[in-house]
Amino acid sequence: MKKISIVVPCYDEEEALPLFYEAVEKVVRKMDVKVEYWFVNDGSTDKTLAELRQLHEKNPNVHYISFSRNFGKEAALYAGLQAATGDYVVDMDADLQDPPSFLPIMYKLLQTGEWDCIGTRRTDRNGESKIKSFFSGMFYKFINQVSNTHIVPGARDYRMMTRQMVDAVLSLKEYSRFSKGIFSWVGFRTKYLDYQNVERVAGKSDWTTWELFKYAFAGIADFSQAPLNIAVWIGSVSFIISIVSLIVVIVRHIINPNTDVFGWASLVSIILLIGGLQLLCIGVIGRYIGKIFLQVKRRPIYIVQEKK
Ligand code: UDP
Ligand code: MG
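Residues 1284 to 1591 (our numbering) make up the sequence shown, in order.
In structure tokens, the structure reads:
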């Protein structure tokens, strides 16, 4: 009998967890598979850990890893994938935004051997603000323009993968983990199932717009060097302009030496412009250096306090 590992990152999910567990159990009980759960408590501040201990008492196939503090969803997902032992591994959110009813469909599709991964994609963004949808649309357009790794718009992290693909994902040990990019970068044949957005059952999402922005930039910097190329372009263009204006100044001086008085205002503007562009480009380079800095320190991606 095949074994499915269900990996669930949890941050402050005490209310959602029991509902999640019941809903998933109801579905997998009807499937002809062994199931193990790997809940990852990502430094929750509520009773999530107590809830997980209880579930573990009730069902020995429920395992949990508890971090020493909040390391972020990507780290939690990584820890869960590392711990999972199944032939197939699923990544699900604890808030039931990922419908458990897809599990048998995903499993059946993977059994055909035609795919290595069955992912999910939201076809609409009900219950999300217009501005947020607009910016996420822009983000997908931009990153797919500048990155060689295709990021599927609206794709969720909810997916079922074969052992082979999970091992490939785990072989990418980068510190700054952008899962949407990593899943795509490793390749393999992925089929996407479409579904309508579902609101979370309990608790609230703590992604602020600003955090989503930072996440988007991190993703772009992790999977493309376009910002660096843009800096090179800005530099080249202003260099060419400066050469041309130098020639104009010299030629003018030769033709008519008496009209050399230029306005200081234009000079100040130009100095500010060039200075600003330089700082911008240095800033972009700095972001990449920051990423290198984090990577070379080789800090662990997460720290476990308790595991069962
Ligand atoms: N999550 C986590 N660590 C965090 C934030 C979130 O493990 O720092 C978990 C959370 O418990 C949930 C999943 O990641 O199971 C997705 O989070 P959320 O529902 O807040 O994000 P959204 O669905 O809005 O993208
Ligand atoms: Mg959610």
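Where is the CB? At the ideal position from N, CA and C, for every residue including glycine.
Given a cut-off of 8 Å on the beta-carbon distance, is the pair W1321 and H1339 in contact? In this structure, H1339 does not lie closer than 8 Å to W1321 by Cβ.
For the alpha helix (DSSP H) that contains Y1371, what are its first and last residues? Per DSSP, Y1371 is not a residue of any alpha helix (DSSP H); the beta strand (DSSP E) it occupies stretches across Y1371 to D1374.
For P1292, is the classification buried or exposed, using 16 other Cβ atoms within 10 angstroms of its Cβ as the cut-off for buried? P1292 comes out buried.
Spatial neighbours of L1386 in its chain, beta-carbon cut-off 6 Å, leaving aside the 5 residues before and after: Taking C-beta separations shorter than 6 Å and ignoring five residues to either side along the sequence, the partners of L1386 in its chain run V1310, following chain order.
Which residues, in chain order, sit with a beta-carbon under 7 Å away from any heavy atom of ligand 1? This criterion selects V1291, P1292, C1293, Y1294, D1295, E1296, V1323, D1325, N1353, G1355, K1356, A1359, D1376, A1377, D1378, Q1380, R1483, S1488, D1489 and W1490.
Of all the beta strand (DSSP E) runs that stay within the bounds of the stretch 1372-1430, which reach a length of 3 or more residues? Counting whole runs of 3 or more residues, the stretch 1372-1430 contains the beta strand (DSSP E) stretches 1400-1405.
Continuous beta strand (DSSP E) stretch holding P1301: start and end: That residue, P1301, is in no beta strand (DSSP E); its alpha helix (DSSP H) goes A1299 to V1311.
Just curious, the alpha helix (DSSP H) that Q1508 is in, first and last residue? Neither: Q1508 is in no alpha helix (DSSP H) and is coded neither H nor E.
Check for me: the alpha helix (DSSP H) holding L1338 runs from which residue to which? Run containing L1338: T1331 to K1341, per the alpha helix (DSSP H) assignment.
At which residues does the beta strand (DSSP E) containing L1476 begin and terminate? Segment T1473 to Y1478, the beta strand (DSSP E) holding L1476.
Separation of T1445 from Q1479, as counted between CA atoms: Cα to Cα, Q1479 sits roughly 25 Å from T1445.
Among L1562, T1473 and G1326, which has the Cα closest to the Cα of C1400? The shortest CA-to-CA distance from C1400 to any of L1562, T1473 and G1326 is the one to T1473.
Can the beta-carbon of A1377 be found less than 8 Å from the beta-carbon of Y1585? Their beta carbons are not under 8 Å apart, which means A1377 does not touch Y1585 by this criterion.
Assuming L1476 contacts T1395 (C-beta within less than 8 Å), just tell me the rounded distance between them. Contact flag wrong, Cβ pair sits at about 14 Å.
Only counting the same chain, and skipping five residues up and downstream in sequence, which positions put a Cβ closer than 8 Å to that of D1295? Cβ neighbours of D1295 beyond the five flanking positions: S1327, T1328, D1329, T1331, G1486 and D1489.
Output the distance between the C-alpha atoms of D1407 and F1506, rounded to the nearest integer angstrom. Taking C-alpha positions only, D1407 is separated from F1506 by approximately 25 Å.
In this structure, how does DSSP classify A1366 when only helix, strand and coil are distinguished? Correct three-state label for A1366: helix.
Spatial neighbours of S1416 within its chain, please: CB distance less than 6 Å, with the 5 preceding and 5 following residues excluded, ordered by chain position. Within the same chain, Cβ atoms closer than 6 Å to the Cβ of S1416 are found at R1408, the five residues on either side in sequence being excluded.
Spatial neighbours of Y1304 in its chain, beta-carbon cut-off 7 Å, leaving aside the 5 residues before and after: The residues are L1338.
Excluding the five sequence neighbours on either side, which residues of its own chain have a C-beta within less than 8 Å of the C-beta of G1355, listed in chain order? The answer, listed in chain order, is D1325.
Where DSSP assigns a beta bridge to M1443, which residues make up the other side? As DSSP reads the structure, M1443 sits in a beta bridge with V1373 and I1401.
So what's I1586 in DSSP terms, helix, strand or just coil? I1586 falls in the coil class under three-state DSSP.
Less than 8 Å between the beta carbons of S1521 and L1563, yes or no? No Cβ-Cβ contact shorter than 8 Å links S1521 with L1563.
Considering Cα atoms alone, identify which of L1360, E1589, E1308 and L1556 is closest to F1236. Outside the shown range of the chain (1284 to 1591) lies residue 1236, about which nothing can therefore be said.
Under the rule that 16 or more other beta-carbon atoms within 10 Å means buried, what is G1470, buried or exposed? So G1470 counts as exposed.
If the criterion is Cβ atoms closer than 8 Å, does the pair V1318 and I1348 meet it? Cβ atoms of V1318 and I1348: not closer than 8 Å.
So, helix, strand or coil for H1433, using DSSP? Coil.
Quick one: what does DSSP say E1494 is sitting in, helix, strand or coil? DSSP places E1494 in helix when its eight states are reduced to three.
If you follow the beta strand (DSSP E) that K1317 is part of, which residue opens it and which one closes it? It spans K1317 to N1324 - the beta strand (DSSP E) in which K1317 sits, taken as one unbroken run.
Have a look at A1514, S1549, A1438 and E1297 and flag the residue whose alpha-carbon is nearest the alpha-carbon of E1334. Taking only the C-alpha atoms, the option nearest E1334 is E1297.
Residue span of the beta strand (DSSP E) that contains V1290, given as start and end: For V1290, the uninterrupted beta strand (DSSP E) segment begins and ends at K1286 to C1293.
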